[in-house]
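Engineer: 6 is the number of the first residue of the sequence shown in my numbering; add one for each residue after it. For reference, the structure I am asking about is given below.
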Amino acid sequence: MCQPRVRHSRQCCWHGPQSGRMIQPACTCGRLPAWCPFTCGLKWGHRTEVALMGKVSHNAAPSALGYQHQTWWALLELLRLGHSRPDAAISLELFDDIAWEHGGTATELLQIKHHQNGQRTLTDASVDVWSTLKVWMDTAVPADSEGPELMLVTTQVARPGTAIAALRLETRDDDFALSGLEMAALERASGRTQEAREQFLALGPADQQAFISRIQVIDGSPHIDDVPGLVRAQLHWALPTGHEDAFLAMVWRWWDEQALAMLQRRQHGVDASAAHVAVAGMRDQFTRAMLPTTIELDEIDAHAVAATYDNCPFVQQMHWVAYPPRNLQRAIVDYYRAHTQIVHWLDHALLSPAELTRFGEELLDEWEREFEWMEMEIGPVADEISKQQAGAKLLRQLMQQAGPFLSRRYHDAFLARGQRHILADEGRIGWHADFRARLERLLVQP
């Protein structure tokens, strides 16, 4: 005798103490998290395509919202249920819109439907119902009563008394649902859902019963505007006091990377345990023991940044010692990353001005020692070629140094490299033996 299927409720998790609150977005459109691709693009300057895949209609906004909602919902699923299934993984557009799997085998398939407020009622004849059933009949072996659970998650609300309403967890009646779907399949002889209805009727009673037993309807689910607040509520255990928005921006950016990797088939799925470790690691970056890196190298358009800063004094200083062009471009990226990262830390009170001043003084002291050695080696009457070669050697030597570090809380080498260029931009250090005189001439140029 078959054991009854254990069904998992999700709706009880939608209404937490913070479910009505939105995060403070870093996105300039003012409504969505930092990586919103709709109107402003990613805050971090890359990848706007993650939710914009699929067929384009004359009005693409509903489709774009639907794809974005699906991507965000996967994160919410992972945070909400991952603690109870640490050995499971979640995937996007692999087995279904969203799928839970264990050991490479799908255990739950989710179809995610998002509608604007004007489309609120789901009936047994709805296109969403039959298009979803068609997907599952084609891909999920409907006659297998032990197959993965099938979840229709929709922002619409099932009309009372319908077969679809009878597939809710709290009002479940499989016999009524099967009878109602059979009637709906027989009532209409043509239309957009004809193929799906004929396929359902062709299953036969036993296969229909097995199929229906696996389906659960989760209606009235939150709209896309509500998901960021629900994600925040699920992350309450990790929110660093005073740095909540910066932390949430890091989580959303991390999820953007995971989602894009899954959609591009570079990654199979995201393990629940790995997600917990990732979130905990981001949280730990906001402790006094560490500083978070919020400006990653792969988020930067090196060519655009190099063009923006091409005429800055620190760039001119590298030209004066004939610094190689590719290394010069990398140096500009270091400058940009260091400047942007330091501003972020100061704005979020993660770094004190005193720490930054001390860091600059240590770099200046290191440069003064090496610059004096360079001047002694080339002598007072060195020609221009010798000065260029010595300056390039000094620059290369300092850029290869492992330290000094900003503090014990941060050891990424780009920061020291970039801060040296910040000091060079201020004219406090230089590479060419005559850099001070050349900077003075730059200042008086029209």
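Quick reminder that beta carbons are idealized off the backbone N, C-alpha and C, glycines included.
Which class does residue 19 belong to by DSSP, given the choice of helix, strand or coil?
Structural biologist: Here residue 19 corresponds to residue number 14 of the sequence shown, with the count starting at 1. Note that residue 19 scores 42 on pLDDT, short of 50, meaning its location in the model is unreliable; the coordinates nonetheless yield the value given after this. Here residue 19 sits in coil by DSSP.
Engineer: Tell me the DSSP secondary structure of residue 140 in three-state form.
Structural biologist: As a first step, residue 140 is located in the sequence shown; it is residue number 135 there, counting from the start. Looking at residue 140 - three-state DSSP - the assignment turns out to be helix.
Engineer: Assuming residue 440 and residue 325 are in contact, meaning their beta carbons sit under 8 Å apart, how far apart are those beta carbons, in whole angstroms?
Structural biologist: Position 435 of the sequence shown, counting from 1, holds the residue named residue 440. Position 320 of the sequence shown, counting from 1, holds the residue named residue 325. Going by Cβ atoms, the distance from residue 440 to residue 325 rounds to 7 Å, so yes, they are a contact pair.
Engineer: On the criterion of 16 or more Cβ atoms from any shown chain inside 10 Å, does residue 282 qualify as buried, or is it exposed?
Structural biologist: Your numbering for residue 282 matches position 277 in the sequence shown. Residue 282 should be labelled exposed.
Engineer: Considering only C-alpha positions, which residue in the set 319, 180, 278 and 158 is nearest to residue 89?
Structural biologist: Here residue 89 corresponds to residue number 84 of the sequence shown, with the count starting at 1. Nearest of 319, 180, 278 and 158 to residue 89, Cα basis: 278.
Engineer: So, with DSSP's three-state summary, where would you put residue 120?
Structural biologist: Taking the first residue of the sequence shown as 1, we reach residue 120 at position 115. Three-state DSSP puts residue 120 in coil, outside helix and strand.
Engineer: For the segment 291 to 354, list the alpha helix (DSSP H) runs that are entirely contained and at least 4 residues long, ordered along the chain.
Structural biologist: Runs found: 307 to 313, 318 to 325 and 330 to 352.
Engineer: Is it the case that the Cβ atoms of residue 186 and residue 205 are separated by a distance below 8 Å?
Structural biologist: One-based indexing of the sequence shown puts residue 186 at position 181. One-based indexing of the sequence shown puts residue 205 at position 200. In contact: residue 186 and residue 205 (Cβ atoms closer than 8 Å).
Engineer: Let's see if you can read the secondary structure: which residues bound the beta strand (DSSP E) around residue 157?
Structural biologist: As a working note, residue 157 is residue 152 in the sequence shown. Residue 157 -> beta strand (DSSP E) spans 154 to 159.
Engineer: For residue 391, which residues from the same chain have a beta carbon less than 7 Å from its beta carbon, with the 5 sequence-adjacent residues on both sides left out?
Structural biologist: For the purposes of this step, residue 391 is taken as the residue at position 386 of the sequence shown. Hits under 7 Å: 383.
Engineer: Which runs of the alpha helix (DSSP H), 4 residues or longer, sit entirely within the segment 192 to 241?
Structural biologist: List check, alpha helix (DSSP H) in window: 199 to 206, 210 to 218 and 232 to 239.
Engineer: If you drop the 5 nearest sequence neighbours on each side, which residues of the same chain put their C-beta closer than 7 Å to that of residue 5?
Structural biologist: Because the chain in this structure spans residues 6 to 451, residue 5 falls outside the shown range and cannot be described.
Engineer: Thinking residue 298 and residue 417 are a contact (beta carbons under 8 Å), I'd like their distance in whole angstroms, please.
Structural biologist: Indexing the sequence shown from 1 puts residue 298 at position 293. Indexing the sequence shown from 1 puts residue 417 at position 412. Confirmed, Cβ separation roughly 6 Å.
Engineer: For residue 105, count the other beta carbons within 10 Å of its own beta carbon; 16 or more makes it buried, fewer makes it exposed. Which is it?
Structural biologist: Here the question's residue 105 lines up with position 100 in the sequence shown. Residue 105 comes out buried.
Engineer: Would you identify the three-state DSSP class for residue 106, choosing helix, strand or coil?
Structural biologist: The residue given as residue 106 occupies position 101 in the sequence shown. Three-state result, residue 106: strand.
Engineer: Tell me the rounded alpha-carbon separation between residue 445 and residue 423.
Structural biologist: Here residue 445 corresponds to residue number 440 of the sequence shown, with the count starting at 1. Here residue 423 corresponds to residue number 418 of the sequence shown, with the count starting at 1. Between residue 445 and residue 423, the C-alpha separation is close to 23 Å.
Engineer: Alpha carbon to alpha carbon, what distance is there between residue 243 and residue 394?
Structural biologist: Counting from one through the sequence shown, the residue named residue 394 turns up at place 389. Counting from one through the sequence shown, the residue named residue 243 turns up at place 238. In a straight line, the C-alpha of residue 394 is about 51 Å away from that of residue 243.
Engineer: Are three or more beta carbon pairs between the segment 285 to 292 and the segment 94 to 103 nearer than 8 Å?
Structural biologist: Too few Cβ pairs lie closer than 8 Å, so no.
Engineer: Can you give the Cα-Cα distance for residue 209 and residue 79, rounded to whole angstroms?
Structural biologist: As a working mapping, residue 209 is identified with position 204 in the sequence shown. As a working mapping, residue 79 is identified with position 74 in the sequence shown. Looking at the two C-alpha atoms, the distance is approximately 34 Å.
Engineer: From residue 168 to residue 231, what distance separates their C-alpha atoms?
Structural biologist: By 1-based counting over the sequence shown, the position of residue 168 is 163. By 1-based counting over the sequence shown, the position of residue 231 is 226. Going from the Cα of residue 168 to the Cα of residue 231 covers about 28 Å.
Engineer: Residue range of the beta strand (DSSP E) that residue 94 falls in?
Structural biologist: In the sequence shown, residue 94 corresponds to position 89, counting from 1. 94 to 97 is the span of the beta strand (DSSP E), which, as asked, contains residue 94.
Engineer: In this structure, what does DSSP give as the bridge partners for residue 282?
Structural biologist: Counted from its first residue, the sequence shown places residue 282 at position 277. BP columns for residue 282 are empty, so no partner.
Engineer: What number of angstroms, rounded off, separates the C-alpha of residue 442 from the C-alpha of residue 262?
Structural biologist: Within the sequence shown, residue 442 is the residue found at index 437, counting from 1. Within the sequence shown, residue 262 is the residue found at index 257, counting from 1. If I take the Cα positions, the gap works out to 47 Å.
Engineer: Apart from the five residues on each side of it in sequence, which residues of its chain come closer than 7 Å, Cβ to Cβ, to residue 183?
Structural biologist: Along the sequence shown, read from residue 1 onward, the residue named residue 183 stands at position 178. Taken in chain order, the residues that qualify are 213, 214 and 217.
Engineer: Does DSSP classify residue 111 as helix, strand or coil?
Structural biologist: Position 106 of the sequence shown, counted from the start, is the residue given in the question as residue 111. In the structure shown, residue 111 sits in a strand (DSSP, three-state: E or B).
Engineer: Looking only at C-alpha atoms, which of 430, 356, 366 and 247 sits nearest to residue 320?
Structural biologist: Taking the sequence shown and counting its residues from 1, one reaches residue 320 at position 315. Out of 430, 356, 366 and 247, 430 has the C-alpha closest to the C-alpha of residue 320.
Engineer: Expressed to the nearest angstrom, what Euclidean distance is found between the alpha-carbon atoms of residue 149 and residue 135?
Structural biologist: In the sequence shown, counting from the first residue as 1, residue 149 sits at position 144. In the sequence shown, counting from the first residue as 1, residue 135 sits at position 130. Residue 149 and residue 135: Cα-Cα distance of roughly 19 Å.
Engineer: Can you give the Cα-Cα distance for residue 175 and residue 121, rounded to whole angstroms?
Structural biologist: As a first step, residue 175 is located in the sequence shown; it is residue number 170 there, counting from the start. As a first step, residue 121 is located in the sequence shown; it is residue number 116 there, counting from the start. Their Cα atoms are separated by approximately 25 Å.
Engineer: Given this structure, state the Cα-to-Cα distance separating residue 58 from residue 73, to the nearest angstrom.
Structural biologist: On the sequence shown, position 53 is the one that residue 58 refers to. On the sequence shown, position 68 is the one that residue 73 refers to. Note on residue 58: pLDDT 37, under 50, position unreliable in the model; the coordinate value appears next. The straight-line gap from Cα to Cα measures roughly 10 Å.
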